[in-house]
Amino acid sequence: MSDLELRGVTKAYGAAQVIKGVDLHVAQGEFCVFVGPSGCGKSTLLRMISGLEPISGGEVRIGGEVVNHLGPAERGLAMVFQSYALYPHMTVRQNLSFGLENLRAPKSEIAERVTAAAQMLQIDKFLDRRPKDLSGGQRQRVAIGRAVVREPRIFLFDEPLSNLDAELRVEMRGEISRLHRRINNTMIYVTHDQVEAMTMADKIAVLRDGRLEQFGRPLDLYNTPDNTFVAGFIGSPRMNFFKGHVRGGAVTLDAGTTVPLPAGKFQLAEGAAVTLGIRPNGMKPGNAGLPLTVASVERLGGESYLYGTAPDGTAVTVHSPGQTRIEPGTQIALALDADDAHLFSTDTTRSLLRKDA
Amino acid sequence: MTPFLTRTRGRQRLHWTDWLAYAYLCLGVLLMFGPVLWLVISSFKTERELQHYPPRLLPYVQKMEKVPGYSDPLPVFKVTAGPLAGQEVAQVRRIGIVSQVVRPDAPQTIVKVPIKDRKPVEHVALATSNYAKLFKRFNFFQFFYNSTFITVVATIITLLINSMAAFALSKYDFRGRGTVMALIIGTLMIPPTVVLVPLFLIVRDFGMIDTLWGVIIPGAATPTGVFLLRQYMLTIPDEILDAARMDKASEWKIYWRIILPLSAPALAVLAILSIMWRWNDFLWPLIALQRQEHFTLQLALNSFRGEFNTDWASLLAMTVLTLVPIVAVFAFLQKYIATGIASTGGK
Numbered sequence: 000m001s002d003l004e005l006r007g008v009t010k011a012y013g014a015a016q017v018i019k020g021v022d023l024h025v026a027q028g029e030f031c032v033f034v035g036p037s038g039c040g041k042s043t044l045l046r047m048i049s050g051l052e053p054i055s056g057g058e059v060r061i062g063g064e065v066v067n068h069l070g071p072a073e074r075g076l077a078m079v080f081q082s083y084a085l086y087p088h089m090t091v092r093q094n095l096s097f098g099l100e101n102l103r104a105p106k107s108e109i110a111e112r113v114t115a116a117a118q119m120l121q122i123d124k125f126l127d128r129r130p131k132d133l134s135g136g137q138r139q140r141v142a143i144g145r146a147v148v149r150e151p152r153i154f155l156f157d158e159p160l161s162n163l164d165a166e167l168r169v170e171m172r173g174e175i176s177r178l179h180r181r182i183n184n185t186m187i188y189v190t191h192d193q194v195e196a197m198t199m200a201d202k203i204a205v206l207r208d209g210r211l212e213q214f215g216r217p218l219d220l221y222n223t224p225d226n227t228f229v230a231g232f233i234g235s236p237r238m239n240f241f242k243g244h245v246r247g248g249a250v251t252l253d254a255g256t257t258v259p260l261p262a263g264k265f266q267l268a269e270g271a272a273v274t275l276g277i278r279p280n281g282m283k284p285g286n287a288g289l290p291l292t293v294a295s296v297e298r299l300g301g302e303s304y305l306y307g308t309a310p311d312g313t314a315v316t317v318h319s320p321g322q323t324r325i326e327p328g329t330q331i332a333l334a335l336d337a338d339d340a341h342l343f344s345t346d347t348t349r350s351l352l353r354k355d356a
Numbered sequence: 000m001t002p003f004l005t006r007t008r009g010r011q012r013l014h015w016t017d018w019l020a021y022a023y024l025c026l027g028v029l030l031m032f033g034p035v036l037w038l039v040i041s042s043f044k045t046e047r048e049l050q051h052y053p054p055r056l057l058p059y060v061q062k063m064e065k066v067p068g069y070s071d072p073l074p075v076f077k078v079t080a081g082p083l084a085g086q087e088v089a090q091v092r093r094i095g096i097v098s099q100v101v102r103p104d105a106p107q108t109i110v111k112v113p114i115k116d117r118k119p120v121e122h123v124a125l126a127t128s129n130y131a132k133l134f135k136r137f138n139f140f141q142f143f144y145n146s147t148f149i150t151v152v153a154t155i156i157t158l159l160i161n162s163m164a165a166f167a168l169s170k171y172d173f174r175g176r177g178t179v180m181a182l183i184i185g186t187l188m189i190p191p192t193v194v195l196v197p198l199f200l201i202v203r204d205f206g207m208i209d210t211l212w213g214v215i216i217p218g219a220a221t222p223t224g225v226f227l228l229r230q231y232m233l234t235i236p237d238e239i240l241d242a243a244r245m246d247k248a249s250e251w252k253i254y255w256r257i258i259l260p261l262s263a264p265a266l267a268v269l270a271i272l273s274i275m276w277r278w279n280d281f282l283w284p285l286i287a288l289q290r291q292e293h294f295t296l297q298l299a300l301n302s303f304r305g306e307f308n309t310d311w312a313s314l315l316a317m318t319v320l321t322l323v324p325i326v327a328v329f330a331f332l333q334k335y336i337a338t339g340i341a342s343t344g345g346k
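Residue numbers (numbering that gives the first Met the number 0), protein chains in the order written: chain A, 0 to 356; chain B, 0 to 346.
Structure follows, in structure tokens:
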């Protein structure tokens, strides 16, 4: 059993609290992605799990046992770093076997495991090279290989793909996913890229400012975000937010339009200040609806994006399938699809979705 | 090498700056290499030749000849005036301004020749006896061993403890780290002569006076070394250390297997500096060492200089031998000095 559980974990540097109490349970074999903007504490949280960073409060449990006081090595984890952190003076083979040597594994077993890991990651041709003679992608594979040979209980990845170019990043993304399916270990993956999070994760933990904003399966986060932050962070391009007030079962936007809401879906209080969230693909250019001044158009061939502003100055992004004829500078009207709409309280930013509905 | 040395600014003819540059460089070579060359040549001169006035560049020795009836070889002169003019004669003895000589073919007949009428017969030859004497009359190997032992052991200890201090100061975050660093750097401002007496008292109380360890230990930790290594170690990414910790490496192992190999260029620089300093060190060994069998080469050199007379021939020969190892070290390791210093604090 190697699940991971965080109970009220906090971290403070002097008076500054960086992690403000995180509760989380990652089940055995799950691929969990920590995502959030830079400075949200996701890397710190990962380092606290790894043991490289001491924990100020709360408990970290691995496989049910509290590991707060164990050093990084005793926790049985392996980590892949953003900068790869390969040992520059050692060959790839020595890089892979260093950890096993420290565990005092027999020589034959080390050789066996190194060969197996190298073959799996297709780095067996470079075993006698130094890291400086490898390309970025190859170094990344070596870094992953170094984690794999140790056969850890949990893999930790700290933004491992951010130093690669876009093409290689997509390729390595697939490779890490395949690796996960193959060895089926628990993996914790830190990234600021929500696309990586959506494509790879079994579960996503969205962090902001040292707090866990929402934890769940990627599509659950997409479909039912708990608050405006998660709603804005997950999904690309980001969700459009319109401020307004509840008027008789509908929302009157500050932009002037009234959007009827599906009955019973939201907890509504007459006159309450609310924020309506609609994804770019929840709106269509139509004959009547929200007026929009189009500022620019992105034509990608298969789809198009319109960028513009509503009468109250809100920036709006609209997704339009296929190729559009709308030109920048024109006035259009947007039909809002209320079934796909999300509603949040403007004061608390929390979702007004009825949980029982 | 040749294209580098003959590189000029002018394409076809030498530009005037080329003349200036070469003149300046030649002057530099003359100033720096001239004395060393003079020293080496002089070390092959006999004591007599060293006293010769005016001094001559090449080492000359007087021709000696074995004459029947005399046990020792006799110096040969050429007579310039008088009845024997133009002949080579062997001098038996000299009394005042008169020299008693014999002709080699008539060894029984002693002829008196005024010393102004004879000239020594000389030829260029290396007086290797200077060197032979070092090994026969003085215990050169003992001095050489002492110097080598002090240099090697002190350098190893210096590298070891300086790198450990530098590791702690560069990679561990602890309260007072800045203060410790400032204190270490601050000791650079205290001239070594100021602490000479207290240092002597401490070393004496530890019972290390007149032992080689008494020379090695006091200077083992150097602020320059700590600073140099720390600056270099700051450039080693912390993530590598974290990776090693995840790989279950102990802190000692991180130091030994990760930090030390990665600091090799800086260690080489420090090793060169330490070797040169230890080998050439004079003042502290002079104070700490008393018996002659513990003397280093530098102290032995000093002991050739007496108040009334100085054994210049031995002194020069020994100076040359003392120079050889340091020149060798410098020649082999000098490329590390430039690269190492460039990659530490200097850039």
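Backbone N, C-alpha and C define an ideal beta-carbon position, used for all residues, glycine too.
Exercise. With respect to the beta strand (DSSP E) encompassing Asp22 of chain A, which residues constitute its N-terminal and C-terminal limits?
Worked result: 15-25
Exercise. Whose C-alpha, out of A:Thr323, A:Thr329, A:Gly301, A:Arg324, is nearest the C-alpha of Gly307 of chain A?
Worked result: A:Thr329
Exercise. Does any C-beta atom of chain B lie closer than 8 Å to the C-beta of Asn162 of chain A?
Worked result: no
Problem set entry | Burial state of Asn286 of chain A, where buried means 16 or more other Cβ atoms lie within 10 Å | exposed
Exercise. Going along the chain, which residues of the segment 242-259 of chain B sit with their C-beta nearer than 9 Å to a C-beta in chain A?
Worked result: Ala242, Ala243, Arg244, Met245, Asp246, Lys247, Ala248, Ser249, Lys252, Arg256, Ile257
Exercise. Measuring from the CB of His14 of chain B, is there a heavy atom of the ligand NAP at a distance below 7 Å?
Worked result: Ligands in the displayed structure: none, and consequently the ligand NAP is not present.
For this session: Would you mind telling me which residues of chain B sit closer than 9 Å to Phe30 of chain A, beta carbon to beta carbon, in chain order?
Result: Going along chain B, no residue has its Cβ under 9 Å from Phe30 of chain A, so there is no contact; the nearest lies around 19 Å.
For this session: Identify whether Ser295 of chain A lies in helix, strand or coil by the three-state DSSP scheme.
Result: strand
For this session: Go ahead and pull the three-state DSSP assignment for Thr274 of chain A.
Result: strand
Exercise. Roughly how many angstroms lie between the CA atoms of Ile122 of chain A and Val113 of chain A, to the nearest whole one?
Worked result: 10 Å
Exercise. Cα separation between Leu49 of chain B and Leu13 of chain B?
Worked result: 42 Å
Problem set entry | Buried versus exposed, by CB contacts within 10 Å (16 or more), Leu211 of chain A | buried
Exercise. Does the separation of the CB atoms of Leu178 of chain A and Leu76 of chain A fall below 8 Å?
Worked result: no
For this session: Evaluate contact between the segment 151-163 of chain B and the segment 273-288 of chain B, counting only Cβ atoms and requiring at least three cross-stretch pairs below 8 Å.
Result: yes
Problem set entry | Boundaries (first-last residue) of the beta strand (DSSP E) holding Leu335 of chain A | 330-335
Problem set entry | 8 Å contact criterion, which Gly270 of chain A and Phe240 of chain A should meet: CB distance rounded | Not really, about 19 Å apart at Cβ, beyond 8 Å.
Problem set entry | Ser235 of chain A, enclosing beta strand (DSSP E) - first and last residue | Element bounds for Ser235 of chain A: n/a, residue is neither H nor E.
Problem set entry | Own chain partners of Val17 of chain A with C-beta closer than 8 Å, once the 5 adjacent residues on each side are dropped | Lys10, Ala11, Gly40, Thr43, Gly209
For this session: Tell me where the beta strand (DSSP E) around Tyr83 of chain A begins and ends.
Result: Premise fails: Tyr83 of chain A is in no beta strand (DSSP E) and is neither H nor E.
Exercise. Are the segment 110-120 of chain B and the segment 238-250 of chain B touching, with three or more C-beta to C-beta distances below 8 Å?
Worked result: no
Problem set entry | Sequence-distant residues of its chain with Cβ nearer than 6 Å to Ala84 of chain B (five each side left out) | Val78
Problem set entry | Buried or exposed by the 16-neighbour rule on C-beta atoms within 10 Å, applied to Gly344 of chain B | Caution is warranted here: a pLDDT of 47 is assigned to Gly344 of chain B, below 50, making its placement in the model unreliable, and the coordinate value is therefore given only provisionally. By the 10 Å Cβ count, Gly344 of chain B comes out exposed.
Exercise. Considering only residues of the same chain and omitting the five flanking positions on each side of Ser162 of chain B, which have a CB-CB separation below 6 Å?
Worked result: Leu228
Problem set entry | Residue-chain proximity (Pro236 of chain B, chain A), Cβ-Cβ < 8 Å | yes
Problem set entry | Identified DSSP bridge partners for Ser42 of chain A | None; Ser42 of chain A has no bridge partner.
Problem set entry | Contact under 8 Å by Cβ, Ala358 of chain A with Leu291 of chain A | With chain A covering 0 to 356 only, the question about residue 358 of chain A has no answer from this structure.
Exercise. Excluding the five sequence neighbours on either side, which residues of its own chain have a C-beta within less than 8 Å of the C-beta of Ile325 of chain B, listed in chain order?
Worked result: Ile274, Met275, Trp278, Asn279
For this session: Could you please tell me which residues of the segment 91-119 of chain A, in chain order, have their CB closer than 8 Å to any CB of chain B?
Result: Phe97, Gly98, Asn101, Leu102
Exercise. How many Å lie between Thr347 of chain A and Ile153 of chain A at the Cα?
Worked result: 36 Å
Exercise. With a CB to CB cut of under 7 Å and the five nearest residues on each side skipped, what residues in its chain are close to Val189 of chain A?
Worked result: Phe33, Lys41, Ser42, Leu45, Phe156, Asp157, Glu158
Problem set entry | Nearest-angstrom Cβ-Cβ length linking Thr274 of chain A and Ser303 of chain A, presumed shorter than 8 Å | That belief does not hold up - the Cβ atoms of Thr274 of chain A and Ser303 of chain A are roughly 26 Å apart, past 8 Å.
Problem set entry | CA nearest to the CA of Leu5 of chain A, picked from A:Lys19, A:Ala14, A:His24 | A:His24
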